Amino acid sequence: MAYAVSFALLMHRVSLKVTGAQGQGVNSVGEICGKGLKQAGYCVFGYREYMSLIIGGHSSYQIDVSYERVESSEVQCDIIMNFNHYGFEQHHTEVKDGGIFLHQTPMWKFTNEQNAYFAEHNITVMYLPVEEMLKKLKAPQILSNMYITSIVWMLLGQSAEVLKELVQEQFGHKGEKIVQKNYECIEEGMTFLAEHPELKPVEMMQPDPKWKECLYLTGSEAIGLGLIHAGCRMYTGYPMTPASPLLKYLAEMQNKTGMIIKQAEDEITAVQMASGAMLMGTRAATGTSGGGFDLMTETISLNGIIENPLVVFLFQRQGPSTGLPTWTGQGDLHLAVGAAHGEFPRLVLGVSDAQDGFDLMPEAFNYAEEFQTVVIIVADKQIAEGLYTQEPYDLTKAEIRRGNLVTDPAELEKLTSADRYNPAAKDGVSPRWLPGAKAATYCAQGDEHDAEGNVSESGENAIAQMEKRMAKMEALKKALPDPDVYGEQKSPDVLLVSWGSNASAIHDALKHEAFTKKKIAYVHYSYLWPLKTEKLHALAKKAKTSILIESNYQGQLGRMIRQECGLAFDHQILKYDGRPFFYNELVEKLSSALS
Amino acid sequence: MNIPLDSKTGPSMQEYYTETPCTWCDNCGDYGIWSATKQALVESGLHPWQVLLCFDVGCHGNGADKIQAYTFHGLHGRVIPFAAGAKLANPNIPVIAFGGDGASFSEGVGHLVHGIRSNYPMTFVLHNNGNYGLTTGQASALTIQDQPMNSSPNGIPERTLRSMDFVFSLEPTFVARTFSGDIPQMVEILKAALQHRGFAFIDILQTCPTYNKFATHQYLLERCKSVGEDHDTSDVKRARELAVDTSKSIATGILYQNENIPSFYEHLKPREGKKTTAVQEVERVDVSEWMWEFV
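Chains Z and R, in that order, give the protein sequences. Heads up: take any position in the first sequence, counting from 1, add 43, and you land on the numbering used here. Heads up: take any position in the second sequence, counting from 1, add 13, and you land on the numbering used here.
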């Protein structure tokens, strides 16, 4: 296995994968280990795979661990724990050389090929006597999770005492009896390991205490916190993976935040309610995935013409129609950029990870209000459900900018109805004021309209209003930041370009020694439309090779770049199997592109 | 009745006046509803800047700029959720949504169902003229089944939707019916609806002189009979019977009202005891306490 061979040269990282049927406790083991290792001073990245079923579908929870930043997953793991035998076929080749393959299926006989594979790759296979342990302790089924956790925890080189502290922390409120029962399971795990010296703990790197103070949270939670921080007071949605975790988090927080949360009867309702709330003057958002977004598009167009700020999340998954509902992808960038009829200004933002999942939220509202138009925030399943080790957020830097919103009574008194859509307004940004404000009133008019919002079908007026609105697009483009450049800033030999969640795997891969000595610039786009290409173009002129990395079939950002500045890429690394880029997979693909 | 036409102290009809000329057909029922709306707002003591009037798409929707107030003219079928979202953001502002029978019983029927079910604190005015007027007279779900219409010369094959039975099946908290030729009754109903705790559904039978040759002004004038002051608006069974049975006459007035059901907003736990509205709460929120939950 090429991946495994090159491992020794890679950054120091260790990975654990827990697999089994949905509902079996896979997430529970993964979560305790993930959070526990973070608290022990490691950077942890959590990655979940599951099927679009409630119970019984195959699922996994993988954590990748290091003392330095890690934000992607490896294809192969040091330890795989199988809750059931359905994973054997798929997962037995996903163990690294010298790794550990644990299971709890009694009397299981592996095939000759499987046994040969294990032997060839020096993989230790071990049956965990979970049922026997439960019988012995007269413990309920749920406690099998603690027994399994204790074994993998200690195989990851961690002490039973620390795990006990975690148990106290997590289950202490449930009473001493439950805590004690968990302790007994941990002790059984210790006994088992003592009896099986052939199971050797993985060699762990030294922890770095800086990670202890970090957060361990999903991208959805990061986005949710960011929305709350940004003064978003209402969120509407209709259940759809992978947008649902954001709705769930905000709903769970509502009694603390005071936010209005509405699970609507459909996505059209969700986006209409958010639009109405924004017209009234609060900050509201809505979110969905591709299919739901398709339903929202007519309303997005409406907000374009009435010049209403709106913030919409588009959480991508793979494929057309229902596609792969619980898997990731980036096939909806063109959708976000081109959605809805007519022409109107819009901003498309792409979230990359838990850092800008938080940081971009105030900016999304700021731009929406400053330019009085639609902001579409594109994310994906990888971000929505991936678990990041995240430095605590700087809570002092976010600005609340509301643009040309008039609230001062003296200023309101001076307004006339014709100020609302005044085509002569600088950059097309005319004053906006809110229902209930004592001022001249206007019509937020979905038909083409004059300056007051009265219907007008004259050609001259249609030109004036179209030019007014589209002037905002030009001004917006000027106001937006350039793309981020990582690595070589001035004269790169290699230019990488990507967006969204790919950034995490790219950052990890670029730490590989195959690349650290090369002059590589990674240009990362968070502000995707309107697209700024000056900086990119300058770097591209110097680079000998350019590589586009996207999780879609067509290289959608690449097409937009070519449309905007004529730049064509020498190589494209594209992926559309519903899986994110894995660390070592990307290392290989980049190496091959550069060889 | 005392309508302040031009008053220095309170709101006046003059304030709601706009120079935008009306574009409805002669004798269109929209004129009556338009007049009654303005009058009800004035008599409710509301200035144009104190209200939000939301219009669907259709002939009535072309009235969005024929009344000087904060108004909104949106998409076909979608006016209820937009108005509801606006209302939840600022419950201090009276919000009225206007929609036709095409929008409310075909394109956006789901929104009507959930608007009533959710009991949003708002008023919904159904411009019920039994057809799609603006698109030149196609059959709606409320058009009589065999009536030949534009694009259905043989009449529509579908059965007519029994709108009042349908609305009552959703357990509404306010149902009224009136007629576009009876301005005083419309005014009284609209005023009561504006005071209602939850979702007020007003079915206004509206004449369409161009496309609805059946329910004419004369026809409605002869058949509409007010339920009168003796009617018990708390009796849902009787109200439903009156609403559904139009064989001899059409009962008008406030048919049913229940003020004991809290509105959607009142049901929101996060808003309990809040003196501010979501509109007033836009500011940078300190999330440190919630952020540290993830350590």
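Quick reminder that beta carbons are idealized off the backbone N, C-alpha and C, glycines included. In this text, all values refer to a predicted model and were calculated from it rather than measured experimentally.
Three-way DSSP call (helix, strand, coil) for Z/Arg326 in this model: In the three-state DSSP reduction, Z/Arg326 falls in the coil class, being neither helix nor strand.
Cβ-based contacts, 7 Å cut-off: residues of the region 95-123 of chain Z near chain R: Taking 7 Å as the upper bound on Cβ-Cβ separation, chain R lies near no residue of the region 95-123 of chain Z.
Sequence-distant residues of the same chain with beta carbon closer than 7 Å to R/Glu302, five excluded per side: Here the set comprises nothing.
C-alpha gap between Z/His146 and Z/Gln615, whole angstroms: Rounded to the nearest angstrom, the two C-alpha atoms are 39 Å apart.
Rounded straight-line distance, which links the Cα of Z/Met323 to that of R/Phe192: Straight-line spacing of the CA atoms in R/Phe192 and Z/Met323 works out to 31 Å.
Length of the line joining the Cα atoms of R/Cys221 and R/Ile109: In this structure, the alpha-carbon of R/Cys221 lies about 22 Å from that of R/Ile109.
Boundaries of the beta strand (DSSP E) in which R/Ser239 is found, first to last residue: Secondary structure note for R/Ser239: its beta strand (DSSP E) is the uninterrupted segment Cys237 to Ser239.
Segment limits, beta strand (DSSP E) that includes R/Ile80: Where R/Ile80 is concerned, there is no enclosing beta strand (DSSP E), given that its DSSP letter is neither H nor E.
Ordered list of beta strand (DSSP E) runs contained in the region 295-326 of chain Z, each at least 3 residues: Qualifying beta strand (DSSP E) stretches, in chain order: 303-306.
Any 3 or more C-beta pairs closer than 8 Å across the region 157-168 of chain Z and the region 123-140 of chain Z: Three or more Cβ pairs drawn from the region 157-168 of chain Z and the region 123-140 of chain Z lie within less than 8 Å of each other, which places the two stretches in contact.
Own chain, CB closer than 8 Å to R/Ile196, minus 5 neighbours either side, in chain order: Excluding sequence neighbours, R/Ile196 sits near Gly45, Ser48, Ala49 and Gln52.
Candidates Z/Ile348, Z/Ile343 and Z/Thr300: closest to R/Glu296 by CA position: It is Z/Thr300.
According to DSSP, residues forming a beta bridge with Z/Gly530: Z/Gly530 has Z/Ala564 as its beta-bridge partners, per DSSP.
Cβ-based contacts, 7 Å cut-off: residues of the region 404-438 of chain Z near chain R: Near chain R, meaning a CB-to-CB distance below 7 Å, the residues of the region 404-438 of chain Z are Pro435, Tyr436 and Leu438.
Under 8 Å from the C-beta of R/Gln63: neighbouring residues of chain Z: The answer, in chain order, is Gly479.
Residue-level contact to chain A via CB, Z/Val498, 7 Å cutoff: This model lacks chain A altogether, as its protein chains are Z and R.
Proximity to Z/Phe88 [Cα-Cα], best of Z/Leu617, Z/Leu258 and Z/Val380: Check the Cα spacing between Z/Phe88 and each of Z/Leu617, Z/Leu258 and Z/Val380: the tightest is with Z/Leu258.
Where R/Val298 falls: helix, strand or coil (DSSP): Residue state for R/Val298 is assigned as coil, using DSSP reduced to three classes.
Residue range of the unbroken beta strand (DSSP E) whose run includes Z/Gln105: Per DSSP, Z/Gln105 belongs to the beta strand (DSSP E) from His101 to Ser109.
Chain-ordered neighbours of R/Gln81 on chain Z, where CB pairs are closer than 7 Å: Listed along chain Z are Thr484, each with a C-beta nearer than 7 Å to that of R/Gln81.
The region 343-351 of chain Z contacting the region 579-599 of chain Z, beta-carbon criterion three pairs below 8 Å: Short answer: they don't touch.
6 Å Cβ shell around R/Ala82 - same chain, five flanking residues per side excluded: Taking R/Ala82 as the centre and dropping the five residues before and after it, the same chain places the C-beta of Pro61, Val64 and Leu66 closer than 6 Å to its C-beta, in chain order.
Residue range of the alpha helix (DSSP H) that includes Z/Ser187: That run of the alpha helix (DSSP H) goes Ser187 to Leu198.
Closer than 9 Å at the beta carbon, the chain Z residues around R/Trp9: Outside the shown range of chain R (14 to 308) lies residue 9 of chain R, about which nothing can therefore be said.
Through-space distance from R/Ala154 to R/Glu171, alpha-carbon basis: Taking the straight line joining both Cα atoms gives about 8 Å.
Neighbour flag for R/Arg91 against chain Z, beta carbons, 7 Å: So yes, R/Arg91 belongs to the interface.
Residue closest to Z/Ala480, alpha-carbon to alpha-carbon, out of Z/Lys457, Z/Gly496 and Z/Arg360: Selected option, being the one with the closest Cα: Z/Lys457.
Where the alpha helix (DSSP H) through Z/Cys76 begins and ends: Start and end: Val69 to Gln82.
Member of Z/Pro388, Z/Glu386 and Z/Gly393 whose CA lies at the smallest distance from the CA of Z/Gly372: The residue from Z/Pro388, Z/Glu386 and Z/Gly393 with its alpha-carbon nearest to that of Z/Gly372 is Z/Gly393.
N- and C-terminal bounds of the beta strand (DSSP E) containing Z/His492: Element bounds for Z/His492: n/a, residue is neither H nor E.
Any beta strand (DSSP E) of 3 or more consecutive residues that is wholly inside the region 381-467 of chain Z: Taking only runs of at least 3 residues, the beta strand (DSSP E) segments lying wholly in the region 381-467 of chain Z are 389-393, 417-423 and 430-433.
Exposed unless 16 or more other CB atoms sit within 10 angstroms - verdict on Z/Ile166: By the neighbour-count criterion, in which 16 or more other beta carbons inside 10 Å mark a residue as buried, Z/Ile166 falls on the buried side.
Rounded C-alpha distance that separates Z/Leu80 from Z/Asp551: Between Z/Leu80 and Z/Asp551, the C-alpha separation is close to 19 Å.
Z/Ile303: contacting residues in chain R (beta-carbon distance under 8 Å): Going along chain R in sequence order, the residues near Z/Ile303 (Cβ under 8 Å) are Leu101, Ala102, Leu281, Pro283, Arg284 and Ala291.
Interface flag, Z/Gly66 vs chain R, CB-CB below 7 Å: Taking Cβ atoms only, chain R never reaches closer than 7 Å to Z/Gly66, which makes this a no.
Residue-chain proximity (Z/Asn298, chain R), Cβ-Cβ < 7 Å: It does; some Cβ of chain R falls within 7 Å.
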